[in-house]
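Note sheet for the following structure.
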Amino acid sequence: MQQEIKNLIKDALLNLNIEVSDIVIEHPEDLKNGDYSTNVALAIAKGVERNPKELAEKIVIEINRLNVDKNIEKVEVAGFGFINFHLSREFFSKSIEEILNKAGDVGKNEILAGRRIMVEYTDPNPFKPFHIGHLMTNAIGESISRILEHSGAIVSRANYQGDIGLHVAKAIYGLLKDEKLQNKAGTHNTQASNIGLAYVLGAEVYEIDENAKKEIDEINKKIYARSDEKINEIYDWGFKVTMEAFEDLYEMLGTKFNFYFLESVMAPLGEEIVRGNMGKVFEESDGAIVFKAEKLDSKLHTRVFITSQGLPTYETKELGLTKEKFKTDPEMNLSIVVTANEQMDYMRVVAKALSLIHPEYGEMMKHITHGMMRFVGGKMSSRKGNVITGESLLNDTKADVLEKMIDREFSNEEREKIASDVGVSAIKYSILKQSIGGDIIYDFEKSISFEGDSGPYLQYSYARANSVLEKAQKENILPDFEVVPSDISEIEKLLYQFPEVVSRSSVEYEPHYIANFLIEIARSYNSFYGNTVIVNKDDKNSSYRVALTYSFSFVMKAGLHLLGIKAPKKM
RNA sequence: GCCCUUGUAGUUCAAUGGAUAGAACGAAGCUCUUCUAAGGCUUUGAUGUAGGUUCGAUUCCUACCAAGGGCACCA
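When you line the first sequence up against our numbering, it's residues 11 to 581, in that order.
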């Protein structure tokens, strides 16, 4: 439809001997101003020295002369020179019908057809707790992955994890000091959270206790060398249970990774790249091997790739990782990494180094950065007073949902499942409703919202629509376009825009456009629901309203999927 | 000091250079003999400061102010 309108405007302008390279059309915020609108008269008025309103009138006359499209009902000039297009009843009924036909595929497009994209996100470290930042990266990465898939790309999901390094030594130190934490009786989740506690213990003393610091550094060397049997045993067990515990979280969050990359494996690969490009890219400085990026770009700075101790840094591992990714999927033509924006500057340096070594990667790497979780009052603890982790937040939120569900009748299994899906939705939505660059201010008192502008609100709207549909089925009212009400409802004027919203999210890597759109249609549908009896055997328009409800539920479900949120049929 | 982000109702967020700057939370008041009241309907309130570009600026540019992050052997 967009293209048809653009062409129509273009032809009308040609008839007036005006040529415009790019015509911008948009949806007016206020639906009273039509369904599409263009500011073309305003934009060109100066060039042709005419009053924009008069010019707009002339253009509209031309448009009306040319227009044979039954989808466009009315074209008019408004404000100080906008040209507004009102679409016809027929257009909206057809768009509803189309949504019903597409069902689960609604909103799909082909703008990324033929693209193979690997998205790396989440990246929690074994032996360390899965914290809120990981939750944030996961929510964003998963949503972006799904949006890209909806645009026709083949997406693989990658997880990059620090399986070696000081943090592991800290955790193992804690485990050695407090052997209770090595208890292998419980589930892998309780074992993993004990290891998290051990890490916290080790990390604390490392800062304040000189002897402990020495001991931890010693453990670290032993881990690298795999020279101590007891440490090896603890390591292997700890690695296994923490990774298993992560899998449970991924399952709950709705992520399934295709590839796992480990830092210990990337380190030698990266080192090889660095050593192979000495003089060309890297140079020695104070005993370390560095890349002086500021020589090539004043906005970049020098970074150490191999320390004076001879150890590869993160930067070096990142080089190895990138190369390994392209090796893992040789067909890949875009590699995306999602991290917090504190990593932006040195990722730029790494990218610069890599572009010198592998110029062919240049256009195929993308770093998406998001803001950080910040806390009102600086408190970093959960309601029970413990250090907040991703897991504790998920559990606290789920407990709140269960409390809200207390008067609903569900089997225990159903209840648990729904509470989990709703809890995840509350958290994910609070992350995805805003553009990804900014920090998220997290307030534990208000915590996660279940009302208004929230994930559960969207799910609730979906569940209600679903129960309308159940009733319709019982009463044998099928979606139908035989009788169409003359009034065009607001919800129809919104639903057809979904594919455009998906495309925009995809092009800009911004899930929040979808989140905002879903809120809009949910509000519109809830209002419709509140003011109309949808299923009513005695009303001829009922079938059309059922069709509308179906199309709303399809769009909502697809949209929630793109945010990585499940849509329970009941809640 | 330099570089990168970000400054919008009391609070948390929206707004491809356009029309009366939208929501939500909070506060006040209505609303379930209709399909889920986690809902609906009213009322209330904002573009950090100073310039510039433009027919038009929350949006682009400059300076300032404020917050966060980064700037050599941690990731």
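All residues carry an ideal CB built from backbone N, CA and C; glycine is no exception.
Three-state secondary structure (DSSP) of residue i
| i | result |
| --- | --- |
| Ser161 | coil |
| Ala577 | coil |
| Arg313 | strand |
| Leu26 | coil |
| Val347 | strand |
| Ile544 | coil |
| Leu65 | helix |
| Ala88 | strand |
| Ile15 | helix |
| Phe249 | helix |
| Lys389 | Because Lys389 sits at a pLDDT of 47, beneath the cut-off of 50, its placement in the model cannot be relied upon, and the point is left open. |
| Gln5 | Nothing about residue 5 can be read from this structure; the chain reaches only from 11 to 581. |
| Met262 | helix |
| Tyr46 | strand |
| Glu293 | strand |
| Arg533 | helix |
| Gln298 | Checking the sequence, you will find Ala at residue 298 rather than Gln. Strand. |
| Arg60 | coil |
| Leu272 | strand |
| Asn526 | helix |
7 Å Cβ shell around residue i - same chain, five flanking residues per side excluded
| i | result |
| --- | --- |
| Val87 | Lys63, Ala66, Glu67, Val70, Ile93 |
| Gly388 | Note that Gly388 has pLDDT 49, beneath the 50 cutoff, so the model's placement of it is unreliable and no number is given. |
| Gly44 | Pro38, Asn94, Phe95, His96 |
| Leu41 | Glu500, Lys503 |
| His571 | Arg156 |
| Ile367 | Ile283, Asn287, Val291 |
Check whether residue i and residue j have beta carbons under 8 Å apart
| i | j | result |
| --- | --- | --- |
| Ile121 | Ser98 | no |
| Tyr183 | Ile226 | yes |
| Phe562 | Tyr535 | yes |
| Glu152 | Gly574 | yes |
| Ala363 | Leu468 | no |
| Leu185 | Leu191 | yes |
| Val129 | Val348 | yes |
| Phe137 | Gly248 | yes |
| Val300 | Glu293 | yes |
| Ser274 | Asp173 | yes |
| Lys484 | Gly465 | no |
| Val116 | Ala473 | no |
| Tyr216 | Ala208 | no |
| Glu334 | Leu279 | yes |
Sequence-distant residues of the same chain with beta carbon closer than 8 Å to residue i, five excluded per side
| i | result |
| --- | --- |
| Leu18 | Ile73, Leu76, Asn77, Asp79, Ile82 |
| Ile428 | Val411, Met415, Phe420, Pro578, Lys580, Met581 |
| Glu492 | Ser553 |
| Ile142 | Met383, Ile398, Thr399, Gly400, Leu403, Tyr452 |
| Phe140 | Pro134, Ala255, Phe256, Leu259, Thr399, Gly400, Glu401 |
| Met354 | His377, Thr379 |
For residue i, the nearest candidate out of the options (CA to CA)
| i | options | result |
| --- | --- | --- |
| Pro489 | Arg126, Asn541, Tyr554 | Tyr554 |
| Ser459 | Ala482, Ser445, Val434 | Val434 |
| Ala475 | Ile416, Asp417, Gly540 | Gly540 |
| Glu189 | Tyr170, Tyr324, Leu211, Asp173 | Leu211 |
| Thr326 | Leu344, Val291, Ser345, Ser308 | Val291 |
| Gly400 | Asn193, Ile106, Ser203, Asn551 | Ser203 |
| Ile451 | Met382, His377, Thr147 | Met382 |
| Tyr506 | Leu479, Asn486, Leu558, Arg285 | Leu558 |
| His311 | Asp32, Ala303, Phe385 | Ala303 |
| Val178 | Thr197, Ala163, Ile205 | Ile205 |
| Tyr46 | Leu52, Ile54, Glu36 | Glu36 |
| Gln201 | Tyr245, Tyr470, Ile378 | Tyr245 |
| Val478 | Tyr560, Leu145, Glu413, Ile441 | Tyr560 |
Residue range of the alpha helix (DSSP H) that includes residue i
| i | result |
| --- | --- |
| Arg555 | 552 to 572 |
| Ser430 | 422 to 442 |
| Val178 | 176 to 187 |
| Leu479 | 465 to 484 |
| Phe336 | 324 to 338 |
| Tyr356 | 354 to 367 |
| Ile451 | It is not in any alpha helix (DSSP H) - Ile451 instead sits in the beta strand (DSSP E) that spans 450 to 452. |
| Leu110 | 99 to 112 |
| Phe508 | 508 to 518 |
N- and C-terminal bounds of the beta strand (DSSP E) containing residue i
| i | result |
| --- | --- |
| Arg375 | The identity of residue 375 in the sequence shown is Met, whereas the question assumes Arg. Here the beta strand (DSSP E) through Met375 covers 375 to 380. |
| Val129 | 126 to 130 |
| Tyr216 | Run containing Tyr216: none in the beta strand (DSSP E); it sits in the alpha helix (DSSP H), 198 to 218. |
Contact set for residue i: own chain, Cβ-Cβ below 6 Å, skip 5 residues either direction
| i | result |
| --- | --- |
| Ser161 | Asn119, Ile121, Leu122, Ser516 |
| Ser103 | Phe491, Val494 |
| Ala163 | Leu122, Arg125, Ile127 |
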